[in-house]
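Heads up: the sequence shown at position 42 corresponds to 45 in our numbering, and the numbers run straight through without jumps. Glycine is no exception: its CB is placed at the ideal position from the N, C-alpha and C atoms. Just so you know, these numbers come straight off a predicted model, no measurement behind them.
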Amino acid sequence: MRSLPVFADLRAFLGWAEGSGDLARLSAPVDLRHEMTAVQLAALRAGGPILRFDAARQGEGRAGMPVVANLFGTPARVAAGLGLMPDEIPAFGEFLAALRNPAPVDGMRDALSRWPMLRAALQTRPKILRRGAAQERRAELDMSLVPVQTPWPGDAGPLVTWPVVVTRPYASEARQISRYNLGVYRAQVLPPDRLILRWLAHRGGAAHHRTWERAGEPMPVAIALGADPATLLAAALPLPEAVSEVAFSGVLRGARAELAPATTVPLLVPANAEIILEGWVHPGETAPEGPFGDHTGYYNAVEPFPVMRLTAITHRRDPLYLTTVTGRPPDEPSVIGEVFNTLALPMVRAQIPEVTDLWLPPAACSYRMAVVQIDKRYPGQARRVMLALWGMLAQFSYTKTIVVVDRDIDPRSWDDIAWAMATRMDPARDVMLLDGTPMDYLDFASPREGLAGKMGIDATTKIGAETDRTWGQVMALDPAHEARAADLLEGILP
């Protein structure tokens, strides 16, 4: 199924990108405060390559290691991180949906046909090493040695933006990988040896933290910086609670994850990362985090979050530091979200079969709005689909606007969407409003923090009891005439 090689670590991915002409090295000095953000966003918005800053500066001094940015700045590179070409993403989504909900096996022939799926499941078991490449060297407990960006002018300080935070719940064992959570939670640097971990209450890391706080015990935490693409993407995916990110990374990578024991905390960590930060979060210890520029295009409010006290910093012999910037789309998370949208569609269809396509517009923060195409067959079906998305699938709990369209409407075309809303939707009849539903507390439009309304817009053709009027007929040309026009105008039109 895979057209590209397995990328065991970040360096393998960078080597592939450089060989494809998709990596640029910048030798000119670039300041970590704000200036690097401008360069990253300019490259991303132009569909540019991965950037390697070889002369990153911290004020007047030069950073001690190269900085890598814009890693997943194009959908093609996100797909490559999964070991796929862009046109293979839909089929891989079907494969993952089948892996999650396999159909009954019918005889030996059917079992053999499913070998790729069985092989992927076997590869989810991680391989435990005695020591990893990320532990070749041990550094001073000083985060100023790591070239951490301060992305935006209003930011409170340096912010780690691509951390893979490793946690496990209280009363679990270090080798119980199935209990682990890997999450991408930004981390504010408090020099020299502390970090503020911003994990929201509904995320896995926060849930683990609550179990340690109830027990009155400090919680071990590790942070992998510069992990391999599969681990980065698995940690970023909104996976169900029962699915281990470590296991899922094995499916994405097509090879078993490699872990190694941390040196000062009872955790297993990604062995092939560039840098590992180890430490403890003590019960009740918090610090004010922020403000920082967020994916909404606004600075978030200052709030207390847990503090991680570092006990070790280990790294490769010649480490690279991986960074990104979040802000109003387009940014790197919104590009990743575009690919995840396609990847998730088969899983959505497994729950709601009449959904034929789905688009989460990147400009709407990649999750706050959805345009859903359905195969409409009965009155009220559009509303049923809206309620199913909000009620059955947790990843849509923060989607505050859903527009439902018919199969003849391209859900990724604003022109098509506008036409459907203008000609198939009556505001008094076809708009459904809900109140007091869960919402991302970063949504400043919400009247109450964490609670907001939702709007469903039925922009489908009305049938049966939905209307008392005879519905108009859509105008369309004969396909044969359109083909003839194309032949006649060949070489004339640009």
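Enclosing alpha helix (DSSP H) for residue i [first to last residue]
i       : result
Leu-93  : Residue identity check: residue 93 is Pro in the sequence provided, not Leu. 92-103 is the span of the alpha helix (DSSP H), which, as asked, contains Pro-93.
Glu-248 : 248-256
Ile-226 : Element bounds for Ile-226: not the alpha helix (DSSP H) but the beta strand (DSSP E), 222-228.
Ala-421 : 417-427
Leu-491 : 482-492
Thr-40  : 38-48
Gln-376 : Where Gln-376 is concerned, there is no enclosing alpha helix (DSSP H), although the beta strand (DSSP E) it sits in stretches over 372-377.
Val-408 : Not the alpha helix (DSSP H): Val-408 falls in the beta strand (DSSP E), residues 404-408.
Glu-341 : 335-354
Glu-216 : 207-218
C-alpha distance - residue i paired with residue j, whole-angstrom precision
i       : j       : result
Pro-161 : Val-151 : 6 Å
Ser-337 : Phe-399 : 16 Å
Ala-263 : Asp-418 : 52 Å
Gly-330 : Phe-343 : 19 Å
Glu-341 : Pro-364 : 8 Å
His-205 : Arg-432 : 35 Å
Gly-300 : Leu-361 : 24 Å
Ala-258 : Glu-216 : 36 Å
Phe-16  : Cys-368 : 27 Å
Gly-296 : Arg-189 : 11 Å
Pro-89  : Pro-8   : 15 Å
Gly-394 : Ala-385 : 14 Å
Pro-349 : Gly-110 : 25 Å
Glu-288 : Ala-238 : 25 Å
Ser-449 : Tyr-302 : 16 Å
Arg-3   : Ala-274 : The requested residue 3 does not occur in the structure, where the chain is confined to residues 4 to 497.
Asp-438 : Arg-112 : 52 Å
His-211 : Leu-346 : 28 Å
Thr-267 : Arg-178 : 15 Å
Asp-145 : Leu-271 : 22 Å
Glu-306 : Thr-473 : 56 Å
Ile-420 : Val-408 : 8 Å
Leu-480 : Ile-495 : 21 Å
Ala-489 : Met-478 : 19 Å
Gly-219 : Arg-213 : 10 Å
Lys-130 : Val-149 : 28 Å
Leu-102 : Leu-492 : 47 Å
Ile-92  : Ala-82  : 7 Å
Leu-445 : Gly-475 : 43 Å
Sub-8 Å separation of residue i and residue j beta-carbons
i       : j       : result
Ala-227 : Glu-281 : no
Arg-320 : Glu-139 : yes
Leu-13  : Leu-323 : yes
Gly-455 : Lys-379 : As written in the sequence, residue 455 is Ala, which differs from the Gly given in the question. For Ala-455 and Lys-379, no; Cβs fall outside 8 Å.
Leu-47  : Gly-76  : yes
Ile-279 : Ala-137 : yes
Thr-40  : Pro-154 : yes
Ile-180 : Ser-252 : no
Val-406 : Ile-460 : yes
Ala-230 : Thr-127 : no
His-318 : Ala-142 : yes
Ala-290 : Leu-193 : yes
Met-442 : Tyr-401 : yes
Gly-208 : Val-163 : no
Val-374 : Val-358 : no
Glu-261 : Leu-132 : yes
Pro-232 : Phe-95  : no
Pro-156 : His-37  : yes
Pro-221 : Pro-286 : yes
Ala-3   : Ala-391 : Limits of the chain in this structure are 4 at one end and 497 at the other, which puts residue 3 out of reach.
Lys-457 : Thr-440 : yes
Leu-255 : Leu-74  : no
Endpoints, the beta strand (DSSP E) within which residue i is located
i       : result
Ala-315 : 306-318
Gly-459 : 454-461
Gly-24  : Where Gly-24 is concerned, there is no enclosing beta strand (DSSP E), given that its DSSP letter is neither H nor E.
Leu-144 : Per DSSP, Leu-144 belongs to no beta strand (DSSP E) and is neither H nor E.
Asp-360 : 358-362
Asn-184 : 184-186
Val-168 : 166-170
Leu-437 : 434-441
Residue i CB to nearest heavy atom of the ligand MN below 7 Å
i       : result
Leu-436 : In the structure on display, the ligand MN does not appear, and there are no ligands present to speak of.
Counterpart residues of residue i in DSSP-defined beta bridges
i       : result
Glu-292 : Glu-306
Gly-282 : Val-224, Leu-313
Ala-448 : Note: Ala-448 sits in no beta bridge, so no partner.
Asp-34  : Arg-60
Ala-72  : Leu-54
Leu-236 : The partner list for Leu-236 (beta bridge, DSSP) is empty, contrary to what the question assumes.
Val-163 : Ala-190
message: Could you check whether the region 47-62 touches the region 23-37, counting it as contact only if at least three pairs of C-beta atoms, one from each stretch, sit closer than 8 Å?
response: yes
- prompt: Between the region 393-412 and the region 427-446, do three or more beta carbon pairs fall short of 8 Å?
  reply: yes
Touching by the beta-carbon criterion (3+ pairs, under 8 Å), the region 196-204 and the region 304-315: yes
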